[in-house]
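S.K.: For reference, each letter of the sequence shown is one residue, going 254 to 575 in full-length UniProt numbering.
Cβ atoms here follow ideal geometry from the backbone N, Cα and C, with glycine treated the same way.
Quick caveat: nothing in here was measured; it's all calculated off a predicted structure.
Below you'll find the structure I mean.
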Amino acid sequence: KQRALQDIRTRQPVTADGVEVELCANIELPEDCALSLENGATGIGLFRSEFLFLREDDLPTEEEQYQAYRAVAEAMRGQPVIIRTLDLGKDKIPKWQEESESPNPALGLTGIRLCMAEPQLFRTQLRALLRASAHGKIKLLLPMLSNLGEVRQTMKHLNEVKAQLREEGIVFDEAIELGGMIEVPAAALAVGHFLDHLDFISIGTNDLIQYSLAVDRNDDAVSHLYDPLHPAVLHLLQHIIATANRKGKPVSMCGEMAGDPQLTRLLLGLGLRRFSMLPIQLLKVKQRLLGADLARQQAIIDRMLEVGDSDELRALLEQLNA
Ligand code: PEP
Ligand code: MG
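In structure tokens form, the structure reads like this:
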């Protein structure tokens, strides 16, 4: 089995009926790039930049951030690297933020909201990211978007920081792409509007499931209710992917669902072509897609979007993976 997986390493990710798929890696540290490349990733689909902000007592400087982002861009040798701007709050709370007492952190100042509230922090990160973009193919990804104002505000900051850098004679990628995480149900339902203002989107299923089902992803008492196959989740995913495909904008998935080989064929059937996952999942997912015949499986997918009964859904999933 190990041998078979190794043979898959160098194969192109194409389904049995010829549909091309992109498999990227999720990383948390620059050092994770080596493992991503070893497992055949064709880029970084999600670099969680939080590690820089969690491990130190102080905020990282622009220079420290620049070095880390540049290291990832260079390690990936020109392959695309999607770096997510700071996504703190909820489960990830740094020392300097501990005293802020949010009555409900998951609904509080998380992700992009914290960056909107702390523009200096955000602009320092944007400067570091832009400077690093001269050394590889970096794209920016905004976490926890819930309204378009956050995209507009970000563009304003980004344009101002770019103008500053130009004035200082510092080079950066003028055409750097800006994408958004779709992980709040409001953003999922209104995804068409977000797509009109962004270059690409990435689906964060971990949070999308948590917020859709009102189930804390880290609370053991309700973990049995956390269900990626809930009909509401499937419909949201179908809507997000179909809308992006119709508008001709790239859509990828970087939540844990993307790295679950049991779900690979389902996601392909919903129209997903770009997956990003932990490096160790890449070969297992590739193995599952190499054997997939999308045309033949479409009837099962259509049926899965109709049924409400979870036992029936699981039976259909088994058929899909047979
Ligand atoms: C997600 O929510 O699916 C996601 C990828 O982001 P994180 O797990 O870092 O919240
Ligand atoms: Mg998330």
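Leaving out five residues before and five after Gln332 in sequence, what residues of the same chain have Cβ atoms less than 7 Å from its Cβ?
M.R.: If we look at Gln332 and ignore the five residues flanking it on each side, its Cβ neighbours are Thr295, Gly296 and Lys390.
S.K.: Which one of Gln417, Pro514, Met329 and Asp260 has the shortest CA to CA distance from Leu288?
M.R.: Met329
S.K.: Where does the unbroken beta strand (DSSP E) through Ala324 begin, and where does it stop?
M.R.: Element bounds for Ala324: not the beta strand (DSSP E) but the alpha helix (DSSP H), Glu315 to Ala328.
S.K.: Pick from Leu573, Ile553 and Lys537: whose alpha carbon is nearest that of Ala257?
M.R.: It is Lys537.
S.K.: Should Glu430 and Leu398 be called a contact, given that it needs their Cβ atoms to be closer than 8 Å?
M.R.: no
S.K.: Would you mind sorting Thr338 into buried or exposed? The rule is 16 or more other CB atoms within 10 Å of its CB.
M.R.: buried
S.K.: Does the beta-carbon distance from Gly524 to Asn498 come in below 8 Å?
M.R.: yes
S.K.: Which residues have their C-beta within less than 5 Å of a heavy atom of the ligand MG, listed in chain order?
M.R.: Glu436, Gly457 and Asp460
S.K.: What's the call for Pro356, buried or exposed, on a 16-neighbour Cβ count within 10 Å?
M.R.: exposed
S.K.: Tell me the DSSP secondary structure of Asn498 in three-state form.
M.R.: In this structure, Asn498 counts as helix in the three-state DSSP scheme.
S.K.: According to DSSP, is Asp286 part of a helix, a strand, or is it coil?
M.R.: Note that residue 286 is Cys in the sequence shown here, rather than Asp. Here Cys286 sits in helix by DSSP.
S.K.: Whose C-alpha, out of Gln534, Ala495, Lys502 and Ser505, is nearest the C-alpha of Asp513?
M.R.: Gln534
S.K.: Would you call the CB atoms of Gly342 and Thr363 closer than 8 Å?
M.R.: yes
S.K.: Have a look at Asp326 and Glu284 and give me their C-alpha separation to the nearest angstrom.
M.R.: Asp is not the amino acid found at residue 326; the sequence shown has Ala there. Looking at the two C-alpha atoms, the distance is approximately 12 Å.
S.K.: Do Leu516 and Pro481 have their beta-carbon atoms positioned less than 8 Å apart in this structure?
M.R.: One thing to note: Pro481 has its Cβ within 8 Å of the Cβ of Leu516.
S.K.: Taking the alpha-carbon positions, what's the Asp310 to Phe304 distance?
M.R.: 12 Å
S.K.: Could you check the C-alpha separation between Phe425 and Leu379 for me, to the nearest Å?
M.R.: 11 Å
S.K.: At a threshold of 7 Å, does Leu299 count as lining the ligand PEP (C-beta to nearest heavy atom)?
M.R.: Answer for Leu299: yes, Cβ within range of the ligand PEP.
S.K.: For the alpha helix (DSSP H) that Ala465 lies in, which residues bound it at each end?
M.R.: In the sequence as displayed, the identity of residue 465 is Ser instead of Ala. Its alpha helix (DSSP H) spans residues Thr458 to Leu466.
S.K.: Between Asp513 and the ligand PEP, is the CB less than 7 Å from at least one heavy atom?
M.R.: no
S.K.: So the candidates are Gln572, Ala568 and Gly445; which of them puts its Cα closest to the Cα of Arg549?
M.R.: Gln572
S.K.: Check whether the Cβ of Cys277 sits closer than 7 Å to any heavy atom of the ligand PEP, and report yes or no.
M.R.: no
S.K.: Does the Cβ of Cys286 lie closer than 7 Å to at least one heavy atom of the ligand PEP?
M.R.: no
S.K.: Following the continuous beta strand (DSSP E) through Asn279, name the residue where it begins and the one where it ends.
M.R.: Glu275 to Ile280
S.K.: So does Gly296 have its beta carbon nearer than 7 Å to some heavy atom of the ligand PEP?
M.R.: Checking the Cβ of Gly296 against the ligand PEP gives no.
S.K.: Excluding the five sequence neighbours on either side, which residues of its own chain have a C-beta within less than 6 Å of the C-beta of Arg527, listed in chain order?
M.R.: Glu275 and Ser505
S.K.: Can you tell me which residues form a DSSP beta bridge with Ser455?
M.R.: In DSSP, Ser455 forms a bridge with Met434 and Ser505.
S.K.: For the beta strand (DSSP E) holding Phe425, just list the boundary residues, first then last.
M.R.: Where Phe425 is concerned, there is no enclosing beta strand (DSSP E), given that its DSSP letter is neither H nor E.
S.K.: With a threshold of 7 Å (Cβ to nearest heavy atom), would residue 200 be considered close to the ligand PEP?
M.R.: As shown, the chain starts at 254 and ends at 575. That puts residue 200 outside it, with no answer to give.
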